[in-house]
Structure formats: structure tokens, C-alpha cells
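Student:
Number of protein chains: 2
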Amino acid sequence: MEISEKKVYTFGGGTAEGNATMKNLLGGKGANLAEMASLGIPVPAGFTITTEVCNWFGANDHSHPADLKGQVEAGIAHLETVMGGKFGDAANPLLLSVRSGARVSMPGMMDTVLNIGLNDTTVQGLIHDEVSKRFAYDSYRRFVQMYGDVVLHVRGEVHDPFEELIEAKKQSRGVELDNDLTADDLEELVGEFKALVAKQTGSPFPDDPWTQIWGAIDAVFLSWDIPRAVAYRRLNDIPGDWGTAVNVQAMVFGNMGDDCATGVAFTRDPSTGENKFYGEYLKNAQGEDVVAGIRTPRPINIAGKDPENPLPALEEEFNDCYKELVEIYLKLEQHYKDMQDIEFTIQKNRLWMLQTRAGKRTGFAAVRCAAEMLDEGLIDEDTAVLRVDPEQLTQLLLPVFDRAAKAKAIEDGKLLAKGLNAGPGAATGAIAFSAEEAVRRVEQGEKVILVRVETSPDDIQGMHSAEGILTSRGGMTSHAAVVARGMGKSCVAGCGVLDIDYNAGEMRVAGRTYKEGDSLSIDGLTGEVLDGIIEVKPSEIVQVLINEEMNPDESLLFQQFNRIMALADERARMLVRTNADTPVDSTVARKFGAKGIGLCRTEHMFFEGDRIDAVREMILAEDKAGREVALAKLLPMQQGDFEGIFRAMDGLPVTVRALDPPLHEFLPHSAAEITDLAGKMGVEADKLKAKVESLSESNPMLGHRGCRLGIVYPEITAMQARAIIQAAIVVKKEGIEVLPEIMIPLVGKVNELRIQRKIVVEAADAVFAETGEKVEYMVGTMIELPRAALTADEIAEEAEFFSFGTNDLTQTALGLSRDDAGRFLPHYVEAGIYPADPFARLDQEGVGQLVKMGFDKGRSTRANLKVGICGEHGGEPTSVIFCHKVGLNYVSCSPYRVPVARLAAAHAVLQEG
Amino acid sequence: MEISEKKVYTFGGGTAEGNATMKNLLGGKGANLAEMASLGIPVPAGFTITTEVCNWFGANDHSHPADLKGQVEAGIAHLETVMGGKFGDAANPLLLSVRSGARVSMPGMMDTVLNIGLNDTTVQGLIHDEVSKRFAYDSYRRFVQMYGDVVLHVRGEVHDPFEELIEAKKQSRGVELDNDLTADDLEELVGEFKALVAKQTGSPFPDDPWTQIWGAIDAVFLSWDIPRAVAYRRLNDIPGDWGTAVNVQAMVFGNMGDDCATGVAFTRDPSTGENKFYGEYLKNAQGEDVVAGIRTPRPINIAGKDPENPLPALEEEFNDCYKELVEIYLKLEQHYKDMQDIEFTIQKNRLWMLQTRAGKRTGFAAVRCAAEMLDEGLIDEDTAVLRVDPEQLTQLLLPVFDRAAKAKAIEDGKLLAKGLNAGPGAATGAIAFSAEEAVRRVEQGEKVILVRVETSPDDIQGMHSAEGILTSRGGMTSHAAVVARGMGKSCVAGCGVLDIDYNAGEMRVAGRTYKEGDSLSIDGLTGEVLDGIIEVKPSEIVQVLINEEMNPDESLLFQQFNRIMALADERARMLVRTNADTPVDSTVARKFGAKGIGLCRTEHMFFEGDRIDAVREMILAEDKAGREVALAKLLPMQQGDFEGIFRAMDGLPVTVRALDPPLHEFLPHSAAEITDLAGKMGVEADKLKAKVESLSESNPMLGHRGCRLGIVYPEITAMQARAIIQAAIVVKKEGIEVLPEIMIPLVGKVNELRIQRKIVVEAADAVFAETGEKVEYMVGTMIELPRAALTADEIAEEAEFFSFGTNDLTQTALGLSRDDAGRFLPHYVEAGIYPADPFARLDQEGVGQLVKMGFDKGRSTRANLKVGICGEHGGEPTSVIFCHKVGLNYVSCSPYRVPVARLAAAHAVLQEG
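Chains as they are written, first to last, in this note's numbering: chain A, 2 to 914; chain B, 2 to 914.
In C-alpha cells form, the structure reads like this:
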């Protein structure tokens, strides 16, 4: 095995042998530490052992290359020089940390050892008084514990044996907190820990600092191949031969006294994106203490002080260090050209930077940072577009709770439960337990939260009327969740602790009982369910863009959003269409930038008003003649719907899908409902019941639906085709540019499409002949069955366009019912069997193969085949990027996902390089 | 377009220019006529225009190559010379037929014109007396009618206008049958027909024989591209550029008087295969008359005379012709080396052969013919194997009605209804409307027909006990049909006219009412349902091989069957295993030649006796501990089952599948059953009901089943693995050679298999450690989801074998629920959308791609991967041949399909080369 001569790269003291580009050799952490050091930023000095050494170690029976020893020793000499102090020295001991650091971050997967170099002799070098004595022994016992666990594998069957000793010590001392143990207690514990190690390993604890450091280095190398790390690599496609680097660094301490501190800061506000330095610190504390939140952290600067509780700022207490920190943060932002999340420690009035990385931010902050950094000339347009995570855009579009009002509600104990954050946005209103009640209350001017065990297509009207939807059953892809996201409604789903009792007309939770009409609030961004009304307002973007109730000039956020979106559209190759079934949805989507409708589900119109009666009459008809009578009633209704949609989409293509769901979805199922409907329709209840039963299916998803309906009942396809073409002719006369695309669903074999296409063409020709008018239209198909993808070359002979229905394609390719997967899919995702819910994020490895195959085969037969996707995945960024890579013409998604998909489409181009 | 110089091939008069090998150029019919002519067999002389001319015609604006005219005229001169008479001659007119004839038979798709050459002049040449006058005008009117339709397209909107004229003529004459019209009537009709043609086409009917012949030839060429022919080609993968040949042949007539006759014959008995000449004829008749069955046909020879109704034989009435016919049939059998189905006509005491082709035969006849022709030295061993259609073998294995007894029953009006012939074989016995009642009656010594609306896994015991199963609902792949075929039971399914009323305990059909215990018979070969008891006997093969109640030496059929099967096994490369869940089924399958078990469904044992109680206890357990208690009860039961199966399969591999169906399949669903079970189990009915409801699924086929159970409840997999390994160790100690293969179902992603495999290996290692014994075993998976096939390379990393579960693979690839497809799949097959039920015959184009992909990808990772198939398709011949082509190691099918699959596997090899 070949290995480079240079195995150790030092950093610190204003220089470094490595830099940020050397991640493959030095790992991410090592490369970044080198980069900071080169910038002259004070990082604790240290060195990085290369990933090559890790691989050599693995391939050579866990031994070291001969020259490694000398290079490590030289590295330690280097950091002694920079930091002052000496490793293993009794008087002025320098302590070291050893950390893993692979090419990409593998959080928590591999091992770390701190405070290396302590033994009964060197510990004395840290002790100057009582305060430093406690610090010294606390550091010492932490070291023995960590080394014992990580390097020597001293572990218990159930409990950590070191923690058991600490517990015993506290009991014998009659104290509760670790902090209450004295320096002497801790010294005793060190002795007990070492005895434990000796007993379990059969050898005394290694007191020699050099033995310690080599033990820690080897432990990190070994941790590259422990099962959890191997599993993580497999899940994240990280090759085993990348190896990990090892970072050896001098320890610095923020907890040595009142001239010490530790803190975190953001170079801009991570919540709003405003360009102001923002952070917190704690005096005489370790980094963990800031995170743990036991002590109230103080503001980093005077500007950040809370007027109500004005704690002293770092700017006041450590003014020199603060000034240096400001210089550093400005330098880091300039260097990395992004908002940074930084960690620092002040040890005896000296500032040390521990880490800098791109700061996590809200969607609001992402947009503002990107727009303002572009203005500042810090980044270019491409970078500005890449800086906004597409998924985060949804935060900008949805209604929000007034921040203070919600905080107060939680303080007042009004948080009732937490479910799945299935549809972001805030909603507040009166409880309705049925769709009808929701509609009724909304008509009376109330705002409503629809509360159901789960929802079904019958509830669509109620969901439309409601502010938000809350269910006790169903996952992130349940009917409620999917439809809510499509409508841009807030939704908390699968909140299992709710006890919803339709009969009693009440919901029980957290010891309280809620009746219809009682007030409730839900936060779809967090999954929280809260008692009472909390003030909600539409997002600023929606106020400007959709509701047009706010002037664009007044909204900085809107202007910045608009700017980023415009830059994105300039870059994207793929178009974004929308899934919309009504003129209203179409208009919203168009305002969000949709370039057409990719999926108009005709059956969603079937539930409106009295239409369902005609639909049911059609289903219950004895023969074709009877069906045609009912279809004739539906024709003008459907035509009217299409006219409205065509007008809203003037100049843009509209894909209309022929009837898809199984007919039993339009019939009632309970005995009472059947009796009711039978009376209304003037048929015998028994006869109706028999019809309902005869239509019931074991697996409706794989049943008599899609084009199978149009094959058995060609008159349905004919009516729908006629409604579309007639509508197109009507609006064309009005001067509307109309581009209808008629889509046949659930085709598995080209013959099906051939038969359906013929019916459509005949219906269109008949309308042309009757009216003397013509419109251009296309006929295409959904590719939503594996067989369709496998034989897409044949299907493309009859199809002018394809639209991948990746919802059903996922269901069939994985053999996974979206409605039923809730019982085991969460377990699957948790166990890492699937990296994500395949209904939310396209399973590229499996379903993606079918998409690629379908695309390639389709284009092989018809070079100009238009190809899109209209599953839920069309609005999910990683899936959108995948579609771009395959070569699709467009993605289609629900109106509120359109901006997300537009941005993702731009990212796809920019990621190509 | 290039075209050969020779465009016309003549035959007749003891010679021919073509022969049987020239099907591509002359079509099947032309090549065979040439072959017969070359053999010196008297066929009406004629000639064939090549398929090349058809293609030239299509590519050149429906014109002819310049030299075609001369070659056709020479052809007609040739047939005039051979036949005597002259085309278009007034005194001795020769009439011609023009028929299509493609490379493969396309029955009824293209056009034919007979009696060409007739006009008012030539018709006189046929008239010698009153009898011949009627014949002459009848031929003439038929010609004008046929030519008017086929060549001149004179057709009505609704009714055939020629038939309307005939109807009118009959009314005006006051007669009922066409035959009652006189020669004068027919002469009048000819005039009326011609007037009709002139009116509809605007031109007089062509009287010139040469105009007629060219019109007919062009009509045949044109018919190659009419829609029905194009559709037929598409469905049958016949390329459009094959073209059709045109056969022009002299007409001969069997209806010119009492010195004329026409008949059909088989060179051996098509029912039994016995080597005797067998046939029927009619005097003074046309071929259609024999088929129409209006007149009782007479036997061809004295040996075939019916003692009860001794009509004169051809051998007696036309002795010279008969002797010639015998010579010819012997020559044909010798030449074609197969049993022939021949058609002949005697015109004025002269014999003409119209057609010879391989005769259709029963399975019994196929075996006997093959074995005896092999003995006779007529065919070689390969040919003998190919001569038996694998599918037909089932006829030899199933119980049969006594032929006379059934005929009498039908004569007595006992035929009640006809359903789907879902499981061949005859069954007779007392009606039972429930599985329990079936078991009870059988225990009391009765034979039972289980009559259900449809069946479910709960009915397995009853189905096992019953002689046959009759259902009123469900298709060829319903639970009843599939299970019955698996068990080798007779089954008539989906017999919709049965009105089965469980509450009243009766079945109403054909105006009669049947109670439990009433007698009924069903014929699964025909789908017939008959009143009362009809004598049934097991097939001879089963008597010898399975029941061992008949000496093999006594059964000629068995010896011949055995011989063919032995020859097949010598040739087959693929092994045939069986799907069997019990020692009894295993033993039967082994006797039928199974080389192992390819699928043992452990859950089928769960319904036996009290086991279901332990299963239900496991399902209803609150936690893992509770489940483990119940599983501990199941363990010894499962182990015992496996021991029995391993013993039956000594020396052969046994693939055991881990639990597959969703758990709700083991629970009752009706309120009454739930209450009942709750009492039995000592739990609250409400709680049980809630559990049943919580387990119910929208699409159970795509739900919580297969390895998803073992992932969520690993203890189930662990128990089953332990039962298998413990059983293997027990029987190994008895000296049994045991080869267990543990199969994980419904894997979609390699991670699932990895987790399940680990559980199995751990359980096995534990057993080895406890017992100090070891057995070899394999762990593999089913490939039954598209995603598994798409990622089979990864899955093969963890799998030692694959077994394609093509039932589920078909359901998912086509998005087609086997349980629900009955509503539209028959329509699909009828409309030619799918050529066959894809659950019966593997959809090679779609699902087959996944099988091939899964195989290739699997082998790419693991070169020695063992691959089989265990869906229903494993016993279907075309699917077996496909599996061979892909390269599979074995197919697995139900015991009674094993011989079918063995023979198909041999055919696969022989078809290769």
C-alpha cells in the first residue's frame, strides 16, 4: 500500500501546512482548522494525521507506518512551541484532544478523547489554588472516564460503571449535583475509576502521556470501522476507503476562573437574516454549559441586551476580546462569503476560536442573507440562488402565529399535544368534527379547525373551508397531510393522544374535553396543538402576491424573495407546473409562478354541490344507455369547470386527467348513508347496498380504476373528452389561448392507451364537426405502473406526452400502500431501511430507475416526447433535482410548492457545475 | 423494391414448383398444397402468387409487377391442363377459388372468393339436367354474393343486402329454407344481386372471368392491410412486411349428385390415440354441411359403424375412393410423421384432397400417439417429447366422469349451469355450504362438494376434505380456483347464476332449490354443474402412481406416460420443484417427479387444529414478551411440520418461506365471530374488535406483510428459523439428508434482507450451540416486488438464492389486484389488451423484463446464485419455457402441475435447437 511521505500537517500560530481544499487528505475538520490558522485567526495549535494513515492502519493489521512516530512527535513539539507549556510536563502541562474528522461530517459516529496528558504528576501542574484544584481533578476524572470508555472499552451491561461510581459518591456525600462534589471527592473518584479500569482490563490505567496519546489515536482509527459508523456510511453512500483523519489539538478552557468564558455567535441574525452580530456567552464555563441552558447566557454585545433583563454583555466585560472577535467574524464572513456560526473560548483573557461553519438559518434569514450579500458584492447571483434551501421557502408562504402570543400560550400551559408537522403554517379557530359542520360554521363567518380521526375525499369541501386540519391517525402522507399540503393548509396529523369521539361529539386530550365550537390552535410547522385562539396572520409574501392586500414596495421580504426567484427562473431549465383542480387554485399557482397545469383531477369536481348525484346516477345505471343519461347531466358541469381553468391559465398548457378513482369512492358505505341515499334516489336500499358491495374491492389501489374505467365504460372517457374540447372552443372564441393536454391514467400496456386515445380523438372530431371550430390538443398518458415504464417505448407510439405519477409508481414498485404504510414505514425510516419516506422523497435508487427507464425508452420512440412528473415528489427538492438530471421537461406540484420547485430546478442547473 | 423474377408457383397433376419448406414465400397453405401435390396426392391444381408480390403491390400504389400477368395466365393454363375444362369456357367452364395464405395461419382475418369464372354464359356449361341446373345457379348466386361483398364492398348499414334479397325471395315463394328455393328462383336472385351491385357501385357486375380473377387477387392483397388483420398481426407479433400469398385453385364439388361426397378424417383416434383410421362423410354435400351437423354424417369405414344405427360407410359406397384415401392417409402420416386431420371431396367418383394438417387430439391421444409412433420408428425421441402438449398432461391426472353416465345425465336434463372451468377433473357428492360442514360430512364417510359464494384461507380444511369446489363469484385466479388447482381438486368458479343463500342454507339454480346434503356433480374440465350423483373415477395415472391401487403393468397409459416423462427429464435442463405445505402434498409431488420443494408456506399450517389459537394469542399480545409466550407454543408445532416435510423430501432441497400474509388474515371479521373468539380467549369483545380494526388495511396486498412483519416483530422470524433448524437437526439424526433453504418474502431493499438474515443466522447459531449439532442451510429471498428486481444486484449480496414470486410481481408490475381483477380482466383479455390472463400466463413483455433483469443483476453480484420461480406460472408451459430461456435453475409449481412443468422444461431445450 502506497502512502505519502508527509503524514502529519500542523496548524496554529498564524500558519498552517494544510488548507480548506484538502478535505480528502485532512478531513473536513482538519482542513477548516488549517484554513482558520492560515487566516491568522487564533485557533488552539495542533496537527492532523492524514486519512491515508487510517487506510494504511486498516490494511496493515492495525500497525503504524514506521515514520509516523517521528512526525507525531514533531507535531506535538510544534504545538508546544505555539501554545507554551509542555505535553506531560509536571510544572506546565499541555493537555491535548484527539478527534476524528472524515471528508464529510459523520456526527457522533466516531470517537473523541479530551484532556490527554493527565496523570497524578501532571495534574499538579494545573493546581494553583482551591479553584484550580477542583478544575484540575474534574478534568482528570473526566479524562479517565472518557479514555476508559473510548479506548479501553470499560463498559457495563446496562449502566455506565463510571457513572455508577459518581452516583455512589454523591450519595455518600449527601449531594445531588455533580457540581456539588469537591476537589477531594473528585480526586477520590479518579482513584476509584483507575481501580475499575485495572479490574476490568487486567492492566493498570496508562499513566504515561505518550501511551495515552497513541491509545487515543488508534481508538479513532479503529472507530472508522465500528458497526454504527459502517452502517452510517452505507446509508449515506460514503465509501469505506475514504478513511478518517485524526486531529490532535491543544486543549483550551473557558472554565478556569472569572477571566475565562465561552460562547457562540452568528455573524447575522439566523432568525431574520438581518446583518447584525448576534450571540451569547457564559463566564467561567465550558461549551456544554451554554448548550445545556442551566445558566442564563448573556448577550455578546450591547446591541443585543434585553431591556427587561439587562445582563452584562461580552462587549462590556471582555472588551478587548470582543473587539478581536468582531475583527475575526468580519474576516470569516469575508473569507467564507457566508453567514457563520462560530464557537469561541476565552482562557485567561485570551480569545481562541474553536470552530466556524456556515450558520443554520430560517427560510426568512436565508432569503435576506442571500439578497443582501448579493447587494454587498460578497457573493454572485449563482451563489445567492444556491444559498436558499428550496424546502425552506414554504416558511415564507404560510400563515404564522404572532410570536409573542404563542409564547405566552405555552407559558400559560396551553400546549395540549404534539403530532406530525404535516402541513406547515399556523391555524386557529373553532372545532368542527365533520366536513359538513366545518362548511356550515364557515358560512356563518367562523374560522374552523377540522378535527377528524382521518380524512377521506368526502371531506374535501370541509378541508377547503377550514383554516387547518387536525387528525389523530395517519402519517406524513396520509390523505389529510397530502391534501392539506396541496391546499397550502396547516395540518397536524397522526396526533395519537387525541381521543376523538364522533358519537359523543367531543375530543379528549390532556385531561380536558373539547366540544364542537370550542377554540383550538395548531402549528403545522412544529406539530403543536394548543388550547384556545392564538392570533394568526397570513405570511407577508401571501399578503403581497396572492391576497394583494399589501403593497409590494412596503415588503422588503417580498422584494428579496422576488429577486431570488427571478434569478432562479433565469437559471432553471425545467419548467414548473401545478396540480390544480379549480380556477381558484389555478390562479394562486399562476401567481406563484406556475407555467401551466400538470395535473387537473377531474374527479375532484365530482363532489361539488349536486354533481355527486349525477355521478351516483351514472354509477348505479343498469346499462350504457342509463349511464349516458347521467353523463349528459355531468357534461355541462365539467365543461364549465374546464372553461374556468382554461381562462385562468390563458396561454399556458393544461393537462386534464381522465377519471381515475374506483367508482365505489363516490358511493356511501355505512348502512345509514346508503338508506338515506336510496331514499333520495328513489331506489331500493337493498339494491343500492348490493351495488355498493359488488363494487367493493380487496385492494382498490390495484383495482378497477384509471383507464380501466374508460375501457369498460368508454362513454365516460367520451363525455370527458367532449367536455374538455367544448370548453376549449368556448374560451378560444373569447380570445383565450388554450392548450389542452388530455391524460389517460394507469396505462400498463400500449393497447389501453390506443383504445382510449381513439375515443378521445373521435369525441374531439365530433365536436369539431358540430361546431365548425378547431383547437389543437394533445393526448398522453401517466406513467405510474412499473409495466408502463418497462414498455414506455411502445406506449410512446401512442402518447404525445408522459407524466410520471410517482405516487402510484412508488406504491407499485415498492409494493407499499400509502394508506397502510403508517404501521411500519416510520419503523423502516427509523431503522434506516429507507433513508426517508419514499412518498415524500423519491426513491431514486428504485423508483428512480423506472423514471429514467421510462424517459429513455419513451424518447427512443418519440424524440420530441414531452415528459413531466405530477406526483407529490414534483414539489420536493431532491426529487426535482433528480428529474432535472433525468432530463424531464417539467415538474408539477401543488400551488404552494411551486416556488420550492422553481428554486430546486435552478439548484439542479447550478449543481451541474 | 427488389422482387424475384418467379412470382407464381404451380402445383397439381403429381408435381409442384414449391414445397413445404417455402412458407415464407408461398405462405403456409400454398407450401402445403405444393407438398401434397409433389407426393402425388390428388389436390385440385392451382398456383400460388408469392408474398413478395403482396409487398410489391403495397409499396407500389396497388399496382402489379409487369410480368405478373403473364405468369398468372400461365398458371391458369397449367391448371386447365391438369384439371380438364377451361377458365371462362362456355361449354366446359373451370371455376376457380382465390384464397389468402400468410406465413402463419391468420384464421378468418383475410378474404376468400369462390366459384370465380361464372357468368350468364359459363353457367350454362354446368347445366346438364334439373339437378345440375340448381347446383349451377346456386353456385352462381353464391359467387355474385361473395364477390359483391369481398371485392366490390357492397354491404348494408345493418343487414347484408344480399341476404335481404334472399329473405324476400323466400317470403314471396312461401318457403323457409334456402334449400327450398328452386333453380329458377336462384336464377332470378342472380339477376337481382347484379342489379343491387350495379346500383350501389355505379358499374355493372363484372362478367368477364379475367376481370373477376384479378379483382379477387387484388382483394386478397388489400385484405392484408384491413384493420382487423392489422390488429391481429399486432396482437400476435406478426410483422407487416411478411405479406400474404394468394392461392388460385380449381374448384371441386362434393354436391353435384350422388356420385359426389365430402368428408373429414383422422389418421388415428383423436380421443384415445389408438392407431385406427377414423372419419365421417356426407353424400352429395359441401364441406360446410359436415360441420353444420344438419344431416347425420356416416362413418368412413366399416370398423367405425355404429351397431345401433348402422349407416352405410364410405368404404362400402365409394370403395375405390376409400381405398385411395387409405393409401393417401398412410402416405401422409409417413410423410408428415404425425397424426393428420384431412379433408376430402369426391366429385363424380373422383377423390380430391383439400387439406391435411396435424390433427388436434386429447392429452390421452397425444401421449399414446407419441409413444406408439416412437415404437413404430416413425418419430425419434425428441419428436415424441415435443408431440405432447404439456398443458394437456393435466387431463391424464384428474378424476373423470364415467363417459356414458354423464351423457345420460345431460340427456335427462340434469345440466344446471355452466361456470368457469377453474380446476379440471370431475367431482360428485353432497353439498356443504361451509368448510366445517364439509369436514363433518367427510368425517362421516360422505363425499362432498363445497359450495361457497367465494372461498378464503379459512376454508382450506374444507377444500381439502371436499371432492370439488363450486363458487358463484371469482375468476380463474380467485382463491378457490388457485387453491383448487394447487390441490389438484376439481373446481367450477364464478358460476354467477347460482343463488347461494347461507342464511336459508340453500342454493337456487335453474328453478330448483338445493339444501345441504343434496347431491351435485361438477366437471372442472368443462365448467358444467349437474344435478345428482354421476360416477367418478380417479385417473389411471393417479391410480397407479399416487394411490398405488393399480399395477403399472396393467396400465398401457401409465407406461406410455412414464416413458414420455423419462425422455423429457433426460432432456430438460431446469429442475422442477413443488409448492407444498404438508408431508402429504410433498409425497404426492415427489411421486409426480418433483426435485424438491420450491415454496413451503408456513402460514398454511397455522389454520390446522388449535394452532390458530396460539397464532391469535401472538397477534393480540400487548408486547414482545406476550408474543414470545405465544410463539413458544407455536414453535414445537411448526418444528413437527417441518420434520414431516423434511422426511418426505429426504435428499432434496426444501425452501421454507417465513410468515407472509398480513396478521388480520388470521383474525375473524364479523361481529359474531369476534364475540365468539373473545369469549374463547377470555378478552373483552370491544378490545378484540378494536385490535381487528386497527389491523385492517385499505390495500392488504401492499400492506404490513412479508418481511415487514419480521422487521417489526423480529421474534416471529427468530421462532420460525429456530423451528426449521431444530427440525433439520432432528431428522438428520434419523439419517435423513436435509437441505433447508430459508426464504424471506417481500423484500424491496437489501437492508430488509440483511436484517432478517441476521436474525435467522443468530437463531441457527443458537440452536447449533445448544445441540452441539450442525446442518447446512441457505438464506435467500423472494423477488416479488419491482424494486427488488431493479436492485437485485444489491440484494444478491445478502441472498444465497432468489425465488421469483411472479404472482405478486405481476400484481405490482401491472398494478393489478388478483382478487379484484375479475371485474375487468375478462374484458381486457376479450378485447385483446392482454393476450391472456397475466396471472395464468406470465406477461413476458412486462413482468418478464423484471424477471430477466432480476436474474441478470443477481448473477452479476453472485455468480453461483441459485434462481427459481414459485408463482403460479411455474406450472404453466409458456412461462416455464420463458424461465428456461432466462436461465433459471428451477421452477416450482403445485404437485399436480409437476409433470406439466417437467415436460415444458424439456420442450424448452428442444425448441432451442
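Positions of the beta carbon are idealized from the N, C-alpha and C atoms, including for glycine.
(1) Between His705/B and chain A, is the shortest Cβ-Cβ distance under 9 Å, so that the two count as touching?
(2) Determine which residues of the region 742-760 of chain B have a Cβ less than 7 Å from any Cβ of chain A, and write them out in chain order.
(3) Does Leu817/B have its Cβ less than 9 Å from a Cβ in chain A?
(4) Any idea if Asn504/A is buried or exposed, counting beta-carbon neighbours within 10 angstroms, 16 or more meaning buried?
(5) Going along the chain, which residues of its own chain have a beta-carbon closer than 6 Å to the beta-carbon of Glu698/B, five neighbours each way excluded?
(6) Who are the Cβ neighbours of Ala220/B in its own chain at under 6 Å, not counting the five residues just before and after it?
(7) Let me know if Asn116/A comes out buried or exposed under the rule of 16 or more other beta-carbons within 10 Å of its beta-carbon.
(8) Helix, strand or coil, according to DSSP, for Ala909/B in the structure here?
(9) For chain B, is any of its Cβ atoms less than 9 Å away from the one on Gln845/A?
(10) Excluding sequence positions up to five away, which residues of its chain have a Cβ less than 7 Å from the Cβ of Tyr282/A?
(11) Give the interface partners of Ala814/B over in chain A, defined as CB-CB distance under 9 Å, in chain order.
(12) Step through the CB atoms of chain A and report whether any lies within less than 9 Å of the CB of Glu131/B.
(13) Rounded to a whole number of angstroms, what is the C-alpha to C-alpha distance between Gln561/A and Ala482/A?
(14) Give the residues of chain C in contact with Pro701/A, contact being defined as C-beta atoms less than 9 Å apart.
(15) For Arg755/B, which of Arg628/B, Glu798/B, Gly816/B and Phe803/B has the nearest alpha-carbon?
(16) Going along chain A, which residues have a C-beta under 9 Å from Leu712/B?
(17) If you drop the 5 nearest sequence neighbours on each side, which residues of the same chain put their C-beta closer than 7 Å to that of Thr772/A?
(18) Could you check where the beta strand (DSSP E) with Ile42/A kicks off and where it finishes?
(19) Measuring only the C-alpha atoms, how far is Pro836/B from Pro827/B?
(20) Starting from the C-beta of Arg100/B, find all residues in its chain whose C-beta is less than 6 Å away, skip the five residues before and the five after it, and write them out in chain order.
(21) Restricting to Cα atoms, I'd like to know which of Ser140/B, Asp687/B and Thr245/B is closest to Asn25/B.
(22) For the region 628-642 of chain B, which residues have a beta carbon sitting closer than 7 Å to at least one beta carbon of chain A?
(23) Leaving aside the five residues before and after Ile870/A along the sequence, list all residues of the same chain whose C-beta is less than 7 Å from its C-beta, in chain order.
(24) Compare the C-beta of Arg860/A against all C-beta atoms of chain B and say whether one is closer than 9 Å.
(25) In chain A, which residues lie less than 7 Å from Arg658/B when you measure between Cβ atoms?
(26) Count the CB pairs spanning the region 600-608 of chain B and the region 413-427 of chain B that are closer than 8 Å, and state whether there are at least three.
(27) Check this for me: beta carbons of Ile796/B and Thr782/B, under 9 Å apart or not?
(28) Within 10 angstroms of the Cβ of Asp642/B, are there 16 or more other Cβ atoms? Answer buried if so, exposed if not.
(29) For the alpha helix (DSSP H) that contains Val693/A, what are its first and last residues?
(30) According to DSSP, is Asn890/B part of a helix, a strand, or is it coil?
(31) Kindly indicate which residue of Thr183/B, Ile167/B, Pro271/B and Ala790/B has the alpha-carbon position closest to the one of Asp857/B.
(32) Confirm, please, whether the CB-CB distance from Arg135/A to Thr82/A is below 9 Å.
(33) Between the region 523-543 of chain B and the region 859-878 of chain B, do at least 3 Cβ pairs fall closer than 8 Å?
(34) May I ask you to report which of helix, strand or coil DSSP gives Asn422/A?
(35) Would you mind stating whether Arg628/A and Ile726/A have Cβ atoms separated by less than 9 Å?
(36) Look up Asp500/B in the DSSP assignment and say whether it is helix, strand or coil.
Tutor: According to the structure shown:
(1) Counted from its first residue, the second sequence places residue 705/B at position 704. So, interface residue.
(2) Leu747, Gly749, Lys750, Asn752 and Glu753
(3) Locating residue 817/B in the second sequence gives position 816, counting from the first residue. By this cut-off, Leu817/B is an interface position.
(4) Sequence index remark: in the first sequence, residue 504/A carries index 503 (1-based). Classification for Asn504/A: exposed.
(5) Here residue 698/B refers to the residue found at position 697 of the second sequence. The answer, listed in chain order, is Gly704.
(6) Locating residue 220/B in the second sequence gives position 219, counting from the first residue. Cβ within range, chain order: Asp112, Val151 and Val152.
(7) As a first step, residue 116/A must be located in the first sequence, where it is residue number 115. With 16 or more Cβ atoms within 10 Å of its Cβ, Asn116/A is classed as buried.
(8) Residue 909/B sits at position 908 when you count from the first residue of the second sequence. Note: Ala909/B maps to helix in three-state DSSP.
(9) Within the first sequence, residue 845/A is the residue found at index 844, counting from 1. Closer than 9 Å: no.
(10) Start at 1 with the first residue of the first sequence, and residue 282/A comes out as number 281. Correct list, in chain order: Ala262, Thr263, Gly264, Pro298, Arg299, Ile301 and Leu315.
(11) Mapped onto the second sequence, residue 814/B falls at position 813. Going along chain A in sequence order, the residues near Ala814/B (Cβ under 9 Å) are Gly749, Leu786, Pro787, Arg788, Leu791, Thr813 and Ala814.
(12) Here the question's residue 131/B lines up with position 130 in the second sequence. The beta carbon of Glu131/B does not come within 9 Å of any beta carbon belonging to chain A, so the residue lies off that interface.
(13) To locate residue 561/A, count along the first sequence from 1; it is residue 560. To locate residue 482/A, count along the first sequence from 1; it is residue 481. Answer to the nearest angstrom: the Cα atoms are 30 Å apart.
(14) Absent here is chain C; the protein component of the structure consists of chains A and B.
(15) The residue you call residue 755/B lines up with position 754 of the second sequence. Among Arg628/B, Glu798/B, Gly816/B and Phe803/B, the Cα nearest to that of Arg755/B belongs to Glu798/B.
(16) Translated into the one-based positions of the second sequence, residue 712/B becomes position 711. The sequence shown places Ile at residue 712/B, not Leu. In chain order: Phe825, His828, Tyr829, Ala832 and Ile834.
(17) By one-based count along the first sequence, residue 772/A stands at place 771. The answer, listed in chain order, is Ile730.
(18) One-based indexing of the first sequence puts residue 42/A at position 41. Premise fails: Ile42/A is in no beta strand (DSSP E) and is neither H nor E.
(19) Counting from 1 along the second sequence, the entry for residue 836/B is found at position 835. Counting from 1 along the second sequence, the entry for residue 827/B is found at position 826. So the alpha carbons of these two residues sit roughly 11 Å apart.
(20) Within the second sequence, the letter at position 99 stands for residue 100/B. Contacts found: Thr113 and Asn248.
(21) As a first step, residue 25/B must be located in the second sequence, where it is residue number 24. It is Thr245/B whose Cα lies nearest to the Cα of Asn25/B.
(22) Flagged: no residues at all.
(23) Taking the first residue of the first sequence as 1, we reach residue 870/A at position 869. The residues Ser804, Phe805, Thr807, Cys884, Leu889, Val892 and Ser893, in chain order, have a CB closer than 7 Å to that of Ile870/A in the same chain once the five nearest residues on each side in sequence are set aside.
(24) Numbered from its first residue, the first sequence carries residue 860/A at position 859. Arg860/A does not count as touching chain B.
(25) On the second sequence, residue 658/B is found 657 positions in, with the first residue counted as 1. Within chain A, no C-beta atom comes nearer than 7 Å to that of Arg658/B; the closest sits roughly 16 Å away.
(26) Touching, no.
(27) On the second sequence, residue 796/B is found 795 positions in, with the first residue counted as 1. On the second sequence, residue 782/B is found 781 positions in, with the first residue counted as 1. Contact: yes.
(28) Residue 642/B sits at position 641 when you count from the first residue of the second sequence. The residue in question, Asp642/B, is buried, as its Cβ has 16 or more Cβ neighbours within 10 Å.
(29) Taking the first residue of the first sequence as 1, we reach residue 693/A at position 692. Val693/A -> alpha helix (DSSP H) spans Ala686 to Leu696.
(30) Translated into positions along the second sequence, residue 890/B becomes position 889. Three-state DSSP puts Asn890/B in coil, outside helix and strand.
(31) Numbered from its first residue, the second sequence carries residue 857/B at position 856. Of Thr183/B, Ile167/B, Pro271/B and Ala790/B, the residue nearest in Cα terms is Ala790/B.
(32) Along the first sequence, read from residue 1 onward, the residue named residue 82/A stands at position 81. Along the first sequence, read from residue 1 onward, the residue named residue 135/A stands at position 134. For Thr82/A and Arg135/A, no; Cβs fall outside 9 Å.
(33) no
(34) Locating residue 422/A in the first sequence gives position 421, counting from the first residue. Here Asn422/A sits in strand by DSSP.
(35) The sequence position of residue 628/A within the first sequence is 627, counting from 1. The sequence position of residue 726/A within the first sequence is 725, counting from 1. Cβ distance not < 9 Å, so Arg628/A and Ile726/A don't count as in contact.
(36) For the purposes of this step, residue 500/B is taken as residue 499 along the second sequence, with counting starting at 1. Asp500/B: strand per DSSP, three-state reduction.
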